[in-house]
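Report on one structure; see the data block that follows.
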Amino acid sequence: MNNGAETMSENLPPYLSPSSSSLFDQCAMKWKFRYVDRLPDPPGEAALVGTFAHEVLEFLLQEPPQKRTKERAKELAGIIWPKIENGVDFLALTLGDDGVRNFKWKSWNAIEGLWKLENPSEVEVQDTERDVRVELEGVPFRGVVDRIDKEEQAVIVADYKSGKAPKKRFAGDKIRQVLLYAAAIREADGELPSKARLLFLGQETIETEVSEETLKEPLERLRNTWDQLNVACTSNIFPATTGPLCAWCPFVTHCPDGEQEVRQRFKGNRVRNDAPALEALSLI
Ligand code: SF4
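Everything in the sequence shown is counted per this note's numbering, starting at 54 for the first residue and increasing by one.
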């Protein structure tokens, strides 16, 4: 039989991804619920729209440049759609006819939104959906890079985003993520990308230079998160970080601190009416 310490060290993940790292930074307890306890956390409609759009664009950008048209994107969407609509996550949304139409409309808006940012026929694509597993600053890292482009011989790392673009000063977390991808590509291929881009479909491109200087903070932060994660998994102490996001946390009914936070905010009229925790805690 395992003793407690052995059991807990088994909880340490084999690698750290940018999303896992960011979740741990946000709230270690939430990280535990998702990655250790594996409580159900089905993606909502917005995340599934993103998945659908990502997949269409992945295949579109694998086409020869002259075939990267909206017509081809529509054909690809038609080919991929049955997989989406029959997936358990989509079925769990229980959308009616209008809901399904709305879902398709949002998805097409995201797909077509690429043309607002660039002409895909002019992009020199080196790779799509590249699964990179490397060690960064001693941390086992894994990331799936949406696209690696070549521009005037320079390598560019690009990531699609279907959600609302943040103001640049609030984009730190997402910029950090794409910079970590750039660091991983350097580790894997031996060449440092020159730029990292976030393509907010239909909205804007947020771009940052990649250099030793810009990589420093994301790499230090990754190392720091990994160290804290090791401590948490060994001690089985995962602090709860309460705040406004508790009202949107899918695990709030499992978390006494988060529940208390939401109840206080609700009393003070400081929770949006559409926050899922209100229904989960029977407050509305
Ligand atoms: S409810 Fe709040 S404190 Fe609890 S796990 Fe979720 S985000 Fe963390």
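By construction, the Cβ of each residue, glycine as well, lies at the ideal position given by its N, Cα and C atoms.
- Here proline 193 is bridged, per DSSP, to Glu188.
- Its chain contains Ser215 as the residues whose beta carbon lies nearer than 6 Å to that of glycine 103, once the 5 sequence neighbours on both sides are disregarded; these appear in chain order.
- DSSP, reduced to helix, strand and coil, places lysine 157 within a helical segment of the structure shown.
- Rounded to whole angstroms, the gap between the alpha carbons of threonine 181 and glutamate 111 is 6 Å.
- Taking 8 Å as the cut-off, the beta carbon of aspartate 199 is found no closer than this to the beta carbon of isoleucine 209.
- Annotation: the segment 56 to 142 contains no complete segment of the beta strand (DSSP E) (minimum length 3 residues).
- Put simply, the backbone Cα of aspartate 327 is about 44 Å away from that of glutamine 119.
- In this structure, proline 271 sits near leucine 233, with a CB-CB distance shorter than 8 Å.
- Linking lysine 127 to isoleucine 137 through their CA atoms gives a straight-line distance of about 15 Å.
- The count of Cβ pairs closer than 8 Å, one atom from the segment 234 to 249 and one from the segment 278 to 285, stays below three, leaving the stretches out of contact.
- Within the same chain, Lys227 come within 8 Å of proline 219 by CB-CB distance, once the 5 residues on both sides are set aside.
- Between the segment 135 to 153 and the segment 161 to 171 there are fewer than three C-beta pairs closer than 8 Å, too few to call the two in contact.
- By the Cβ-count criterion, isoleucine 290 is exposed, with fewer than 16 other Cβ atoms from all chains shown falling within 10 Å of its own Cβ.
- Annotation for serine 70: Arg195 and Gly196 place their beta carbon closer than 7 Å to its own, counting only its chain and skipping 5 residues before and after.
- The continuous beta strand (DSSP E) containing glutamate 262 extends over residues 257 to 262.
- Within the segment 306 to 330, the runs of alpha helix (DSSP H) that reach at least 4 residues and sit entirely inside it are, in chain order, 309 to 320.
- Shortest gap from the CB of aspartate 212 to any heavy atom of ligand 1: 7 Å or more.
- Here DSSP, grouped into helix, strand and coil, assigns phenylalanine 253 to strand.
- Each residue's CA atom was taken as its position, placing alanine 145 and valine 324 some 26 Å apart.
- Note: glutamate 204 is bridge-paired with Ala207 in the DSSP secondary-structure output.
- Proximity to glutamate 98 across Val263, Arg274, Cys302 and Asp142 peaks at Asp142, based on C-alpha coordinates.
- Excluding its 5 nearest sequence neighbours in each direction, tryptophan 301 has C-beta neighbours in its own chain below 8 Å: Ala328, Pro329 and Ala330, listed in chain order.
- Here the C-alpha atom of valine 185 lies approximately 11 Å from the C-alpha atom of proline 193.
- One Cα belongs to proline 66, the other to valine 187, and the distance between them is close to 14 Å.
- In the three-state scheme derived from DSSP, where H, G and I count as helix and E and B as strand, threonine 267 is classed as helix.
- For proline 303, the closest alpha carbon among the candidates Cys80, Tyr68, Ile238 and Glu63 is that of Cys80.
- When the Cα atoms are used, lysine 269 and tyrosine 68 turn out to be separated by approximately 20 Å.
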